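Quick note: the sequence shown uses our numbering, first residue -4, plus one each step. Worksheet for the structure shown next.
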Amino acid sequence: RMGDPETESVIPRIENDLVELFQMVATKNLGNYQLQISEQHAATVMIVAGGYPGEYEKGKAILGIDNIRKSTAFHAGTTLDGGVVKTNGGRVIAITSLQDTQFDALQSATADAARIYFDGKYFREDIGFDLV
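Encoded structure:
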C-alpha cells in the first residue's frame, strides 16, 4: 500500500477514470486495461503541525488554503469546526503540484505550501531540490 505523501504524488498523474480503474481492480479485470499516466512531474510538500512526529497541538485555525495557485491541497489532519478549517493531526495538508519539469513541480508545491498558515506550521523547503 502507498502512504502519505506517495499517494498524493502518484494518483493525480493517472488520467483514467479512477472509479472505473478501481472497479477493474476489484473485479480482477485488468487484462486489456490501458492505464494512462500523465507525463507531467508531480511533487508533494507535506505541511505538518509543530512538534510532529512527537507531541503537537490540535485545533489551530488554518488560513490561506484559497490562496493556492498551482497545486492541489489534500486534507489529512484537518477538521471543519463551525465553518473554520482547523488542524486535527500531525500531517495536516499535503500540497501537490503537477508541472512540466520536476523543478517546476517542486517550486510550485513549495510556494503554495508557503501560502498556507496556522500556528505551529512546519514544512521542509529543501526536500527534492538536490535531485533536480
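For every residue, glycine included, the Cβ atom is placed at its ideal position computed from N, Cα and C. A quick note: this is a predicted structure, and the numbers were derived from the prediction, not measured.
Ranking 30, 3 and 2 by CA distance to the CA of residue 11 puts 30 first. Restricted to the region 4 to 30, not a single beta strand (DSSP E) segment is unbroken, complete and at least 3 residues in length. In the displayed model, residue 92 falls within a strand according to three-state DSSP. If you look at residue 108, you'll find it in the alpha helix (DSSP H) that goes 97 to 109. When secondary structure is reduced to three states using DSSP, residue 76 falls in the strand class. In chain order, 110, 111 and 112 place their CB closer than 8 Å to the CB of residue 59, counting only its own chain and leaving out the 5 sequence neighbours on each side. By the neighbour-count definition (other C-beta atoms within 10 Å, threshold 16), residue 77 is an exposed residue.
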